[in-house]
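Below is one structure, written out as structure tokens, with a few remarks after it.
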Amino acid sequence: MDFPSDLIRFLTKAERVSVLTGAGASQESGLRTFRDSQSGLWAQYRPEDLASPEAFARDPKLVWDWYAWRREAIKGVRPNAGHYALVEMENKIPTFTLVTQNVDGLHRFAGSRNLLELHGNILRVRCANCGTFTETWGDDTESVPKCERCSGLLRPDVVWFGEALPRAELESAVNAAREAQVFFSIGTSGVVQPAAALAHAARNKGAVVVEINAEPTPLTPKTDFAFHGKSGEILPELVKAVWGNNSR
Ligand code: APR
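This note's numbering applies: residue 1261 is where the sequence shown begins, and numbers increase by one.
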């Protein structure tokens, strides 16, 4: 792919780059997106009816089992070339922040370091009552595992519909967007707030805004550069075009 020379120049000189990723960034790892993920036993449920505090209060076992099933699916997938290209970019840019809406942990797995998981991480579990994190829990198939400290029910450490985003992560993400010289929006439909507002915050502060997405989004008309295709193909090519041939 031929990238505009202006973009190459901006990236070569950039000291501060921020990136927002969404479900599309994981698509080439074989992970179905949130709404596509319902199959088999789970096809009868809408994700919106499982990923909420109300659903957990109503039927904690059903919600726990759905996440256990999704966690197993995630364990079988690996980062794709797009994830690794972002690690490569982080190695080249002095101040690099990766903000993700994905809960699959694939950016961390790939080696991204300055990472803000805005919607949490499905592989982490915490107590719904006291908030204590735990890495081990019983595999009793009859009931939801309980917190060792307070006996509250354990839940995935993800942001459910109707819940606030983690304040510290959100603040850091907004700051990173405002400070960025180049801001990337990758594999996200850009319709879920407040993450979608990050690109606008960056643009308002004068950042060059770049979109890499399978299809145009509401953000596209507001970008400086938009590439429509797979992030797992475009990102490695871009990193190679800017910094040479040592991307993975
Ligand atoms: N490369 C780039 N983009 C892709 C690819 C790919 N290989 N495959 C799909 N896409 C694009 C789609 O065209 C779509 O525009 O990724 C976008 C994914 O959009 P959504 O499914 O809406 O995902 P996202 O933006 O992450 O949603 C935000 O909403 O469902 C909730 O909590 C969930 O974190 C999620 C949030």
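By construction, the Cβ of each residue, glycine as well, lies at the ideal position given by its N, Cα and C atoms.
Spatial distance of residue i from residue j (CA atoms)
| i | j | result |
| --- | --- | --- |
| residue 1458 | residue 1391 | 28 Å |
| residue 1397 | residue 1317 | 20 Å |
| residue 1331 | residue 1481 | 36 Å |
| residue 1364 | residue 1486 | 25 Å |
| residue 1507 | residue 1339 | Low local confidence applies: a pLDDT of 46 at residue 1507 is under 50, so the model's placement there is unreliable, and no value is given. |
| residue 1335 | residue 1328 | 11 Å |
| residue 1268 | residue 1502 | 6 Å |
| residue 1492 | residue 1272 | 21 Å |
| residue 1463 | residue 1292 | 30 Å |
| residue 1394 | residue 1416 | 10 Å |
| residue 1264 | residue 1498 | 10 Å |
| residue 1288 | residue 1399 | 31 Å |
| residue 1435 | residue 1419 | 21 Å |
| residue 1474 | residue 1456 | 17 Å |
| residue 1407 | residue 1346 | 36 Å |
| residue 1276 | residue 1385 | 33 Å |
| residue 1488 | residue 1476 | 7 Å |
Three-state class that DSSP yields for residue i in the structure shown
| i | result |
| --- | --- |
| residue 1308 | helix |
| residue 1364 | coil |
| residue 1353 | coil |
| residue 1522 | Shown here, the chain extends from 1261 to 1508; a query on residue 1522 therefore has no answer. |
| residue 1266 | helix |
| residue 1509 | In the structure as shown, the chain begins at 1261 and stops at 1508. Residue 1509 is therefore absent and cannot be evaluated. |
| residue 1465 | coil |
| residue 1373 | coil |
| residue 1340 | coil |
| residue 1380 | strand |
| residue 1347 | helix |
| residue 1550 | Residue 1550 lies beyond the stretch modelled for the chain, which goes from 1261 to 1508, so this question has no answer here. |
| residue 1507 | Only weak support exists for where residue 1507 lies, its pLDDT of 46 falling under 50; the value from the coordinates is given anyway. If DSSP states are grouped into helix, strand and coil, residue 1507 belongs with coil. |
| residue 1426 | coil |
| residue 1359 | strand |
| residue 1502 | helix |
| residue 1287 | helix |
| residue 1323 | helix |
| residue 1452 | coil |
| residue 1332 | helix |
| residue 1271 | helix |
| residue 1232 | Nothing in the structure corresponds to residue 1232, since the chain is present only between 1261 and 1508. |
Spatial neighbours of residue i in its chain, beta-carbon cut-off 6 Å, leaving aside the 5 residues before and after
| i | result |
| --- | --- |
| residue 1438 | 1461 and 1465 |
| residue 1383 | 1365 |
| residue 1304 | none |
Interface flag, residue i vs chain B, CB-CB below 8 Å
| i | result |
| --- | --- |
| residue 1380 | This model lacks chain B altogether, as it is built from one protein chain only. |
Cβ shell of residue i (< 7 Å), same chain only, five flanking positions each side left out
| i | result |
| --- | --- |
| residue 1209 | Lying before the first or after the last residue shown, residue 1209 is absent from the chain, which here runs from 1261 to 1508. |
| residue 1404 | 1320, 1321, 1324, 1413 and 1414 |
| residue 1478 | 1450 and 1451 |
Beta-bridge pairing of residue i - partner residues as DSSP gives them
| i | result |
| --- | --- |
| residue 1444 | 1279 and 1470 |
| residue 1387 | 1414 |
| residue 1394 | 1385 |
Pair every Cβ in the region 1470–1479 with every Cβ in the region 1439–1446, then say whether three or more of these pairs are closer than 8 Å. Segments in contact, yes.
For the region 1371–1379 against the region 1336–1353, do three or more pairs of beta-carbon atoms, one drawn from each stretch, fall closer than 8 Å, so that the two count as touching? Yes, the region 1371–1379 touches the region 1336–1353.
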